[in-house]
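Visitor: If you count the sequence shown from 1, you need to add 1 to reach our numbering.
My questions will all concern the structure given below.
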Amino acid sequence: MPTSFTFLVRIFLSMFLSSACSAQAEISRVQLNNDTLAAEITPDIGGRLLSVALVGQPNFLRVGSAVLSEPNPVVTPSSDNIAYFGHETWVGPQSHWWLHQLVNSERGAAKAVWPPDPFLILAKNTVQEKNANQLVMQSPNSPVSGVALQKTFFLVDGKPNQLRLNVSAQNIRDSNVAWDIWFNTRVHHTTNVYVPVASMSDVRVEHFTDATYGPLEHNFSDGFFALENFSPSSHQGRKGKVFIQPEQGWMAAFRDKQLLIIQFALQPKSAIHPEQGQVELYQEFLNDSLEEGLLELEVHAPYKTLQPRESMSANEIWTLLPYSGEQTPAAQRAFLRSLVDQLRF
2 MPTSFTFLVR IFLSMFLSSA CSAQAEISRV QLNNDTLAAE ITPDIGGRLL
52 SVALVGQPNF LRVGSAVLSE PNPVVTPSSD NIAYFGHETW VGPQSHWWLH
102 QLVNSERGAA KAVWPPDPFL ILAKNTVQEK NANQLVMQSP NSPVSGVALQ
152 KTFFLVDGKP NQLRLNVSAQ NIRDSNVAWD IWFNTRVHHT TNVYVPVASM
202 SDVRVEHFTD ATYGPLEHNF SDGFFALENF SPSSHQGRKG KVFIQPEQGW
252 MAAFRDKQLL IIQFALQPKS AIHPEQGQVE LYQEFLNDSL EEGLLELEVH
302 APYKTLQPRE SMSANEIWTL LPYSGEQTPA AQRAFLRSLV DQLRF
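Have a look at this one:
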């Protein structure tokens, strides 16, 4: 009898501890929603947007399985990137990521362009304000980039289809730092994205080709630059990046029955670091694992030098609209042209 009782106690404790550890391991999630739009944000794993969608529709964003499998990353100057995806905030330019720090000499000497700053993309953020319509978070001070980020997500009063993202970067050092604020939104690679441009002279395409990946396929028509979402049979997939000086301060992405429009303050080319574009698109996928494909919708704010304790800020306005038209470039371009006139971008 004591042996059976002891055995049962051990099983109960094992189940209890396993359940407790799982509960502790889960990231925290904050919901912002109204009758039209639903968003989910976590202050953990870098303080990122995990989901946004019209009510009753699937998540528009591409989120990695690491959100569940690695919810408590170790954050050190040597931490690598973890593919949580969703929407997160970096600083640019990329070539400077590890040049202005003393905490990882190996990456500094190599002038590493990967990974991004672990203290900005992995570390837990502090919730400063939270209510039904707004969340304000503060990142830790980064010894790598020399900044701290404050992020505000809020639903826009009187505009139920809109979510606004405000980011402020403060120099936490006693010397100057120079960066831009870099918004990075991950979606499935099959999402159709359109960027208004004056001509292809405002577009620079970098193809990351090898034996596996073929060059990016793209087109320019009716004033819109767009990526193609298929790969010729001669290659296993596609990988590359596009740098764009847009003609107007927005881009649009169609996925199934939803249209995401990302608006931002249009900047002159001189305000953007020369290595970057105000809008950037990164696409990567393999034909035999399309569910793992990725498309990044990126926006850079002006590159600025900040004096000690000085701050800069930037924002994006997201509008999610229903789309019931044909899933063809011609129909999507026509729909966008009607919105351009209606919403006065």
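Backbone N, C-alpha and C fix where the C-beta goes; we use that ideal spot for every residue, glycine too.
Less than 8 angstroms separating the beta-carbons of L38 and L55?
Guide: Start at 1 with the first residue of the sequence shown, and residue 38 comes out as number 37. Start at 1 with the first residue of the sequence shown, and residue 55 comes out as number 54. In this structure, L55 lies closer than 8 angstroms to L38 by Cβ.
Visitor: Any idea what DSSP makes of G147, helix, strand or coil?
Guide: As a working mapping, residue 147 is identified with position 146 in the sequence shown. Of the three classes helix, strand and coil, the one that applies to G147 here is coil, per DSSP.
Visitor: Could you tell me which residues DSSP puts in a beta bridge with F86?
Guide: For this step, residue 86 is matched to residue 85 along the sequence shown. DSSP lists V64 as partners of F86.
Visitor: What does the alpha-carbon distance come out to for the pair P309 and A26?
Guide: Here the question's residue 309 lines up with position 308 in the sequence shown. Here the question's residue 26 lines up with position 25 in the sequence shown. About 37 angstroms.
Visitor: Quick check on the burial criterion: 16 or more other C-beta atoms within 10 angstroms. Buried or exposed for R239?
Guide: The sequence position of residue 239 within the sequence shown is 238, counting from 1. Only buried fits R239, as 16 or more other CB atoms lie within 10 angstroms of its CB.
Visitor: Note the first and the last residue of the continuous alpha helix (DSSP H) segment covering A385.
Guide: Outside the shown range of the chain, which is 2 to 346, sits residue 385, and nothing can be said about it.
Visitor: Rounded to the nearest angstrom, how far is the Cβ of I263 from that of W319, given a contact under 8 angstroms?
Guide: Within the sequence shown, the letter at position 262 stands for residue 263. Within the sequence shown, the letter at position 318 stands for residue 319. With a Cβ gap of about 6 angstroms, I263 and W319 count as contacting.
Visitor: DSSP state of D118, grouped into three classes?
Guide: Mapped onto the sequence shown, residue 118 falls at position 117. D118 falls in the coil class under three-state DSSP.
Visitor: How should L150 be labelled, buried or exposed, when 16 other C-beta atoms within 10 angstroms of its C-beta is the threshold for buried?
Guide: Numbered from its first residue, the sequence shown carries residue 150 at position 149. With 16 or more Cβ atoms within 10 Å of its Cβ, L150 is classed as buried.
Visitor: If you follow the beta strand (DSSP E) that A40 is in, where does it begin and where does it stop?
Guide: Residue mapping note: residue 40 aligns to position 39 of the sequence shown, counting from 1. Looking at the DSSP string, the run of the beta strand (DSSP E) that includes A40 is 38-43.
Visitor: Which residues in the same chain have their Cβ closer than 6 angstroms to the Cβ of I273, if we skip the five residues on either side of it in sequence?
Guide: Numbered from 1 along the sequence shown, position 272 holds the residue referred to as residue 273. Hits under 6 angstroms: Q279, H301.
Visitor: Just to confirm the assignment: which complete beta strand (DSSP E) runs, minimum length 3, are found wholly within the stretch 196-258?
Guide: With a minimum length of 3 residues, the continuous beta strand (DSSP E) runs that stay inside the stretch 196-258 are 204-208, 219-222, 225-228, 238-245, 251-256.
Visitor: Tell me whether L103 is buried or exposed, calling it buried when 16 or more other Cβ atoms sit within 10 Å of its Cβ.
Guide: Residue mapping note: residue 103 aligns to position 102 of the sequence shown, counting from 1. Label assigned to L103: exposed.
Visitor: Tell me whether F286 sits in a helix, a strand or coil according to DSSP, three-state version.
Guide: As a position in the sequence shown, residue 286 is number 285, starting the count at 1. DSSP places F286 in strand when its eight states are reduced to three.
Visitor: Just list the residues that DSSP pairs G93 with in beta bridges.
Guide: Locating residue 93 in the sequence shown gives position 92, counting from the first residue. BP columns for G93 point to D181.
Visitor: On the criterion of 16 or more Cβ atoms from any shown chain inside 10 Å, does L50 qualify as buried, or is it exposed?
Guide: By one-based count along the sequence shown, residue 50 stands at place 49. With 16 or more Cβ atoms within 10 Å of its Cβ, L50 is classed as buried.
Visitor: Taking only the alpha-carbon atoms, compute the straight-line gap between F226 and V198 and give it to the nearest angstrom.
Guide: Looking up residue 226 in the sequence shown gives position 225. Looking up residue 198 in the sequence shown gives position 197. Roughly 6 angstroms separates the two Cα atoms.
Visitor: Could you have a look at A335 and say whether DSSP puts it in helix, strand or coil?
Guide: The residue given as residue 335 occupies position 334 in the sequence shown. Helix at A335.
Visitor: Counting only the same chain and skipping the five closest in sequence on each side, list residues whose C-beta sits under 6 angstroms from that of P269.
Guide: Position 268 of the sequence shown, counted from the start, is the residue given in the question as residue 269. Taken in chain order, the list of residues that qualify is empty.
Visitor: At what residues does the beta strand (DSSP E) containing A315 begin and finish?
Guide: Position 314 of the sequence shown, counted from the first residue, corresponds to residue 315. Looking at the DSSP string, the run of the beta strand (DSSP E) that includes A315 is 312-323.
Visitor: Assess, as a yes-or-no matter, whether the stretch 113-122 is touched by the stretch 324-338 under the definition of 3 or more beta carbon pairs within less than 8 angstroms.
Guide: Not touching, per the Cβ criterion.
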